[in-house]
Every structure is written in C-alpha cells, then in structure tokens.
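In what follows, a single structure is set out as structure tokens and then discussed.
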C-alpha cells in the first residue's frame, strides 16, 4: 500500500465513500455496486447496494481460474490426532462445490439457514464455504456449547439443515457431539429438515433414521454446484453472541462489505498477501475464526491453518512455535490468554528456541486487552513486533491496531493502537459529550459503521437499535470504556456492561445467573467477572440461600459449577460460587455489580449514593476478597 498510517487515515476521512470504492476493486463482482454507501437503507445505511457477488467465488474459484489451483489453501494440523493434511485451492474448491451440491439436493437454497456445529476439522470450513456458495446463511455454533445453548440458536435461526460431527477431541478426552445435538433438537421448537454428520474414527455415532446422513458419503455422491450470486446486502452469516435479555443476539454479516473489508485488512493490517501463510490460532466458532481462519486469508489468496490443539499440553508449551516453524507462518494471530499460558509453562522460552521461526514476521493479539508484561515478554523472546489490536464480534475486523501494510508506528504496550481507516472513534461521557484526550469514557464509533460491521441483528432491528445505538444517538456504542491519548493511541480499559471476557470469549453473566437461580436452594444470585492472570476474567457467583436452608458451601458450589457446565459449557470457566447473606442493591432494586467487581478485584470504590444499605457492601467485602485468598479456584 502507498502511504503511511497518517496519510491513509486522512485520505479515508476526506472521502470515505471514494476510499472504500477503491478497495472494492479488489473483489470480483457479478454486478458492480451502484454506490459505495446508501444512507437511506437499513437501520443506519448499507454498503455497496446494487452490487452482486458470491463470497465463495472470491475466496476460491477466482484463484483457481487465475492458475493458482495447486497453491495450498488450507493446512489442517491436528495435534490431537497427529495428522497434518493440506488442501490445495483446486481440491478445496471441489470439496466445497460437492458439499454445496449435497445441501442443494436436499433442499437448501439461497437465504436458507444452516447451523454448523463442528470441531476444528477441514469440514467445518468446507461447510461454511458451501453455504456461501449457495447463498445460504450459515450460523456456526462453537462445539463446546451445551445442548441448551445450541437449542436457543436453532430456535432463533430456524435452520433447514445442521452440519455436525460425531465428536470433538480435547486433551485426554473425547467429547461426543451427537448426544448434544440430539438433545438440542429435542429442546428446540424448530426442527431441521436434515443433518449431515461427519463420522470421526475416534468416536463413531448412531445416525437418526430419516434425519441424519453421513457427511462424507453425501459429499462424495453429490454433483458440484456452481456459485450463486447474491446481493451485496444479503446476509453471509449469523454469529450469535451472548445477550443480556436471555435471547442470544444474532450478529448479521453481509456479503459485500464483509468481502471488501476483510480482503483490505489482510494487506493493510496484517501485511500478508497471496502465497503467504497466515495462522489465526482460534476456533471457527468465534468471530476470529470466521474472519481470519476462513474468509480473510482465502479472499487474499493466502494459505490458512486450521489447528486442532491447545497452546500448552498438546504436547507442551512449544506447540504454537512448532506449527509456525513447520508450516512457514508469516503472521500469527491469537488471544493474550494463549500467550499467558505459554509464558506460565515456559517463562524462559526454552521450547520456543527449539523451533526455527525465521519466517514469522509478527504476532497479533486480540480477544481481550493484553497486559503490558505479556506483550513485552513475547517481544523480547520473539524479537518481532507483537501487536495488540481491538475489535469485536460485531465489527468483524479491527477497530484499532497497528498496520504492517502502512509501515508500523511505535507500539505502546497496553494500548490497542490507533483507529483503523474506516472508524471514526470517539470517547463520550454519560451525557454524550466528547471528553478531552486522556480522559476515560464510553468508546463509540460515529455512524456509519464501516463495511463488514453488523448492519443489524437477525430479525431484530429494534434490538439492534436498543443494544448499540440508543445510548449515544448517532453513534455505535462498543460497551467498552477507555480513552484516546494525545497521540491518538486508544486504550481499552474495561467493559461497560455485564458481558465478561473469559479467554477472549464474550459470555453473559445474565445467562449464568439464570442457571444459578434454577438451583432449588438459591433465592437470588449475581455473577460478576473478576480479573484473572491467565484468562483475563473469570466469573464469580454470589448466591443468597433460601430461608431455612443449611447446606455445606463446598457441596453447593460443586452443584452450581456442574449446572453451569451442563447448561453453558466448560467455556464459561465457572468454578467459584460463594454464599452471601444478601446482595448490595440500589433503592430501586438493582444489584451493584460494578461495585462488587471492584471489591473483588481489590480496587478502590465509592459507596453509590443510591445504595439501599451501605452495610451490605461490608458484608460482601468480607466474603469476596478475604486477605490473601485468591478468588480463582485451583486446577486447570
């Protein structure tokens, strides 16, 4: 790219629509858009109206047509099975086209929804791209979610089909997926017409007659299906994130803006292009997996890595460096949690030194704010840029970062960098007034949001307005608090709501509270996220017992932990529940979660003027933060 960060950002500010129109030239269009942006469409406007394209064609077919079919597209590296498998662009295109044919033969068409509930295997990526090929809308659900969570997504998305697997693999255990899938379908009022199930040899499952079919057999028997052009404003996928109302929020991603923004980000932000190996060490169930395991790298003609393993324990804390060395990774993207886990196991970097990282040029971190110590540790041992950047499920790509394609500016550990071209980032106070540089407030984006950001929630325009646009009219509220310093660096300090960030996974405390409240001995409860050196945050449950209940607290805690694990899944990392005599509340009955969180984190706090009884805070203080007692329970 021509020009440094300042010049590029200024060029976007001077002519946003012209700037994005130029980036849209990197995408192959069946019909070019009539405009870059139309402010009269949708909730706040829509990008590239009138344009027609197919995302799968842009990710696969056009590279094959350009004579690059033999280039590696996807490397599956399974530390769990010891297998490594490489699919060329030509082979991946053929498999995707055949699975699209299998879905189409069973009635899936443009606009239909397909839920993908898969482990980290090539078929997860193939299923997503097959949906995109048909113009169907995929909704990937993380394989670790329990049946109730999957059921709520089936009920909301109403899929025609579900693509799943017999099992997932975790260190030391096999996780059967099929019983969870069967239970979720039983719980949901909506039933899919059919399911395609990948039979993994580690745990073959029974197939329900009349509903389930073997995925590979269906794929092998199908005729390849061509790409179906769709409107740029048609949905590509729905990705559910935790909501505070009990109903999961279905983040919608459109086809046109998504393709343009992600293709641009690969060169501008990550500094990679066609032929480079890019690795996002995440899961396809999360937004990072959607954007930077699947779509971004393939749109750019890169080789992407699908890794089935952990940062430590498969087999050791050198696993990530082994993958980078073995496959020639140029740029890597993971969560700070993963680097903290590696640092804990290999503080001197001895395992890192065993691998040739000569082709690795940069490490990118996102998912939660990375503490400066971890950034400096990684920079010192890797002797390469370590770039913390900030973005959200809702945005689909970075709000802030540092930009290898524009020439890196100096990093500041603890900061997420500077705003990406496309984002007019502001810091507002509670009254909606912009605050001075260096002052903490609500981080917001002045509308319109750039391409690839959510245009709305699935079937819920009003919910989108209420959740993101109502607090500061004319702005998208990120629900993060932070500041912009005098030099334009952005510092994300904390969440402003009760969604907690566990190892980069945004989880609702409200959903956990619903589980705790269902226990027969619990009268009321609250869940807050408290700081954790490894995961960023972990949930802490506080419960008030029903009158007359006398129960051993450890027994109760074990029961509550098991309930959360069953209903939400182990991803919640819920391990600590404590009995309190009462919850501190305002006079209107609102639980003072933010104050509880500050007490649990050992931070200074002020007694809110609206509190019903100040003595209730002293009671909480004695329970959640006893001197010298860590909140995090022992164990992995």
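In this note's numbering, the protein residues as written are 320 to 955.
Glycine included, C-beta positions come from ideal geometry on N, C-alpha and C.
Give, in chain order, every unbroken run of the alpha helix (DSSP H) that is at least 4 residues long and sits entirely within the segment 480-546. 497-506, 534-540
Per DSSP, what are the beta-bridge partners of residue 844 in this structure? 862
Could you tell me how far apart the beta carbons of residue 892 and residue 850 are, in whole angstroms, since I believe they sit closer than 8 Å? Their Cβ separation, rounded to whole angstroms, is 13 Å, which puts residue 892 and residue 850 out of contact at 8 Å.
DSSP beta-bridge partners for residue 1020? It is not possible to answer for residue 1020, since the shown part of the chain is limited to 320 through 955.
Might you give, ordered along the chain, the residues of its own chain that have their beta carbon closer than 7 Å to the beta carbon of residue 449, omitting 5 neighbours on each side? 415, 418, 419, 422
Give me the residue from 413, 771, 791, 822 with the minimum Cα distance to residue 541. 413
Are residue 707 and residue 684 touching if we call contact CB-CB under 9 Å? yes
Can you find at least 3 beta carbon pairs, one from the segment 693-709 and one from the segment 750-758, that sit closer than 8 Å? no
What separation, rounded to the nearest whole angstrom, lies between the Cα atoms of residue 511 and residue 713? 27 Å
Only counting the same chain, and skipping five residues up and downstream in sequence, which positions put a Cβ closer than 7 Å to that of residue 571? 554, 557, 773, 774, 775, 776, 777
How about the segment 640-660 and the segment 366-380: do they share at least three Cβ pairs that are nearer than 8 Å? no
Endpoints, beta strand (DSSP E) assigned at residue 328: Premise fails: residue 328 lies in the alpha helix (DSSP H), 324-333, not in any beta strand (DSSP E).
On the DSSP letters alone, give me the boundaries of the alpha helix (DSSP H) that residue 360 sits inside. Run containing residue 360: none; DSSP gives neither H nor E here.
How would you write the range of the beta strand (DSSP E) that residue 635 sits in, first residue to last? Premise fails: residue 635 is in no beta strand (DSSP E) and is neither H nor E.
DSSP on residue 549, reduced to helix/strand/coil? strand
Range covered by the beta strand (DSSP E) that runs through residue 573: 568-573
Length at least 3, wholly inside the segment 769-807: the beta strand (DSSP E) runs in chain order: 794-803
Helix, strand or coil at residue 747 [DSSP, three-state]: strand
When the cut-off is 9 Å and only beta carbons count, does residue 371 lie next to chain B? Looking at the structure shown, chain B is missing, and only one protein chain is on hand.
Spell out a yes or no on whether the segment 915-927 and the segment 936-944 are touching, meaning 3 or more CB-CB pairs, one atom from each, closer than 8 Å. yes
Residue range of the unbroken alpha helix (DSSP H) whose run includes residue 881: 872-886
Where do the ends of the alpha helix (DSSP H) carrying residue 440 lie? Neither: residue 440 is in no alpha helix (DSSP H) and is coded neither H nor E.
Helix, strand or coil for residue 410? Go by DSSP, reduced to three states. helix
Between the beta-carbon of residue 459 and the beta-carbon of residue 694, is there less than 9 Å? no
Residues sharing a beta bridge with residue 367, DSSP: DSSP lists no partner for residue 367.
Measure the CB-CB distance between residue 402 and residue 434 and report whether it falls below 9 Å. no
Indicate whether the contact test is met: 3 or more Cβ pairs, each with one atom in the segment 565-584 and one in the segment 485-505, closer than 8 Å. no
Can you give the Cα-Cα distance for residue 726 and residue 616, rounded to whole angstroms? 20 Å
Could you tell me the alpha carbon to alpha carbon distance between residue 789 and residue 337, rounded to whole angstroms? 29 Å
Please classify residue 900: does DSSP put it in a helix, a strand, or coil? coil
Leaving out the 5 sequence neighbours to the left and right, which residues in its chain are closer than 6 Å to residue 429 when beta-carbon positions are compared? 454, 547
According to DSSP, is residue 855 helix, strand or coil? strand
Do residue 861 and residue 943 come within 9 Å of each other at the CB atom, strictly closer than that value? yes
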